[in-house]
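Q: In this note's numbering, the protein residues as written are 357 to 625. We treat Cβ as the ideally placed atom computed from N, Cα and C, and that holds for glycine. Note that the coordinates shown come from a computational prediction; the quantities given were computed from them, not determined experimentally.
Okay, here's the thing in structure tokens:
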């Protein structure tokens, strides 16, 4: 899904440099010290990497070009990664998605999605389930292959699920359960309010001289009953129906991914 990478002011790339990734396999070659590892660091960084150690630095500002014998240091590092979204794998209705990250000497930084301000969480949510997040194996460094082979079956399953996109469905399922729980809590609160209003209404009925308050509480009770009925209807029809559809889709996806995981694990062994 990587289509292009544009770097400026990042580590050894003082000038604006653009890399194109055409379909197929792209190989970056060069002598030691030519900046090959910095390209990998740039991809990790723009995807949201927060570990300075992983970027081979002491603080985040170390990723900014610090000058050389013939060049002055710069004050900003910026990377833009262009992703091919022609298959609509990302939840944005554009054929290309541009993810940009900047950092300044002051330590401040910012993210952009398609040139619009965004948060790190927005980047992670966008890439969730695509296999391209910072916790995924879209970038495999030296030494991590052995770690993958020696990992536990549970850890390998998590990796395969992330690569296959199942983790995104699990997150949606969890969010649906949370929404359902919030609906149930709202129902309980509304039920408590109805009980309270009914108790007050009984007290008002005993006072013939307070007919106006009686009417107010009666109207309020009717409104609350209507709200309870509406929430209950939505809960039993729309939300649960949608949730069931999502669970079925997740089951289908899980079956396919489990077979794929077994095949990959058999190949690894």
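With a threshold of 8 Å, are at least 3 pairs of Cβ atoms found where one atom belongs to the segment 454-465 and the other to the segment 380-394?
A: Judged by Cβ distances under 8 Å, the segment 454-465 makes no contact with the segment 380-394, as fewer than three pairs qualify.
Q: Does the segment 564-578 come into contact with the segment 591-603, if we say contact requires no fewer than three beta-carbon pairs (one atom in each stretch) closer than 8 Å?
A: No, because fewer than three Cβ pairs between the segment 564-578 and the segment 591-603 fall closer than 8 Å, the two stretches do not touch.
Q: Which same chain residues, not among the five before or five after residue 415, have their C-beta less than 7 Å away from its C-beta?
A: For residue 415, where only same-chain residues beyond five positions count, the Cβ hits under 7 Å are 408.
Q: For residue 598, count the other beta carbons within 10 Å of its own beta carbon; 16 or more makes it buried, fewer makes it exposed. Which is it?
A: Looking at its Cβ environment, which holds fewer than 16 other Cβ atoms inside 10 Å, residue 598 is exposed.
Q: Give me the Cα-Cα distance between residue 507 and residue 389, rounded to the nearest whole angstrom.
A: Rounded to the nearest angstrom, the two C-alpha atoms are 32 Å apart.
Q: Note down the Cα distance separating residue 588 from residue 618, rounded to an integer number of angstroms.
A: Looking at the two C-alpha atoms, the distance is approximately 43 Å.
Q: Specify, as a first and last residue, the run of the beta strand (DSSP E) that residue 457 falls within.
A: It spans 452-460 - the beta strand (DSSP E) in which residue 457 sits, taken as one unbroken run.
Q: If you check the beta carbons only, do residue 404 and residue 479 fall under 7 Å apart?
A: A contact, by the Cβ cut-off of 7 Å.
Q: Run through the DSSP bridge pairs and tell me what residue 472 is partnered with.
A: 469.
Q: Just confirm the distance between the C-beta atoms of residue 420 and residue 432, as a whole number of angstroms; I'd bet it's less than 8 Å.
A: Confirmed, Cβ separation roughly 7 Å.
Q: Taking the C-alpha atoms as reference points, what is the distance between residue 630 and residue 615?
A: Outside the displayed span of the chain (357 to 625) sits residue 630, for which this structure offers no information.
Q: In three-state DSSP terms, what is residue 448?
A: Residue 448: coil per DSSP, three-state reduction.
Q: Who are the Cβ neighbours of residue 427 in its own chain at under 6 Å, not counting the five residues just before and after it?
A: Around residue 427: 370.
Q: Measuring straight from C-alpha to C-alpha, what distance separates residue 448 and residue 481?
A: Using only the alpha carbons, I get a separation of about 12 Å.
Q: Note down the Cα distance separating residue 529 from residue 595, rounded to an integer number of angstroms.
A: If you take the alpha carbons of residue 529 and residue 595, they lie about 12 Å apart.
Q: Name the residue from 593, 418, 622, 533 whose alpha carbon lies nearest to the alpha carbon of residue 509.
A: Comparing Cα-Cα distances from residue 509 to each of 593, 418, 622, 533, the minimum goes to 622.
Q: Taking the continuous alpha helix (DSSP H) assigned at residue 581, which residues delimit it?
A: Residues 567-590.
Q: Return yes when the Cβ of residue 539 is within less than 7 Å of the Cβ of residue 591, no when it is not.
A: Taking 7 Å as the Cβ cut-off, residue 591 and residue 539 qualify as a contacting pair.
Q: For residue 630, count the other beta carbons within 10 Å of its own beta carbon; 16 or more makes it buried, fewer makes it exposed. Which is it?
A: Beyond the ends of the chain as shown, which are 357 and 625, falls residue 630; an answer cannot be given.
Q: Going by alpha carbons, who is nearest to residue 577 out of 567, 608, 471, 552?
A: Residue 577 has its Cα closest to that of 552, out of 567, 608, 471, 552.
Q: What is the DSSP secondary structure of residue 599, counted as helix, strand or coil?
A: Helix at residue 599.
Q: Can you look up residue 412 in the DSSP assignment and give me helix, strand or coil?
A: Residue 412: coil per DSSP, three-state reduction.
Q: Near residue 462, which residues of its chain fall below 7 Å by C-beta distance, leaving aside the five closest residues on each side in sequence?
A: For residue 462, where only same-chain residues beyond five positions count, there are no Cβ hits under 7 Å.
Q: Between residue 363 and residue 398, is the Cβ-Cβ spacing less than 7 Å?
A: Cβ atoms of residue 363 and residue 398: closer than 7 Å.
Q: For residue 615, list the residues DSSP reports as bridge partners.
A: None; residue 615 has no bridge partner.
Q: If you drop the 5 nearest sequence neighbours on each side, which residues of the same chain put their C-beta closer than 7 Å to that of residue 642?
A: Past the boundaries of the shown model lies residue 642; the chain is included only from 357 to 625, so the question cannot be answered.
Q: Please list, in chain order, all residues of the same chain as residue 466 whose beta carbon is under 6 Å from its beta carbon, the five residues on each side excluded.
A: Contacts found: 458.
Q: Taking buried to mean at least 16 other C-beta atoms within 10 Å of its own C-beta, is residue 593 buried or exposed?
A: By the neighbour-count rule (16 or more Cβ atoms within 10 Å), residue 593 is not buried but exposed.
Q: Let me make sure I understand the geometry here. Which of 406, 464, 554, 513 has the alpha-carbon closest to that of residue 611?
A: Considering only alpha carbons, the answer is 513.
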